[in-house]
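Residue 212, in my numbering, is where the sequence shown stops; the numbers in between run on with no holes.
The C-beta atom is built at its ideal place from N, Cα and C for all residues, glycine as well.
These notes concern the structure reproduced below.
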Amino acid sequence: MKALTLNEFIDDKINQDEEFAKHYEREQIINNIAVMIVNARKKRHMTQSELANKIGTKQSVISRLESGNSSFIP
Numbered sequence: 139m140k141a142l143t144l145n146e147f148i149d150d151k152i153n154q155d156e157e158f159a160k161h162y163e164r165e166q167i168i169n170n171i172a173v174m175i176v177n178a179r180k181k182r183h184m185t186q187s188e189l190a191n192k193i194g195t196k197q198s199v200i201s202r203l204e205s206g207n208s209s210f211i212p
């Protein structure tokens, strides 16, 4: 049996399991949003605390958003 790369394994799983495909797509979107938040904040030379103050939330919320922790996002 040929060893699969991680990408090959994921592609196979997506094609075989609709529920996995939906979950994987959701996680990809969450990760992309997290990266965009980090990049936008750093481009403006802001700390997480500064961004939190600017939008009226706590630094810990920004940290969780930037981590891409999907359990934090409904």
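Sixteen is the threshold: when 16 or more other Cβ atoms of the shown chains lie within 10 Å of the Cβ of Gly206, as they do, the residue is buried. The Cβ-Cβ distance between Glu204 and Ala159 does not fall below 8 Å. CA-to-CA, the gap between Ile167 and Lys140 works out to about 31 Å.
The Cβ atoms of Ile200 and Ala190 lie closer than 8 Å to each other. The DSSP assignment places 186 to 193 as complete runs of the alpha helix (DSSP H) inside the segment 160 to 199, in order along the chain (cut-off: 4 residues).
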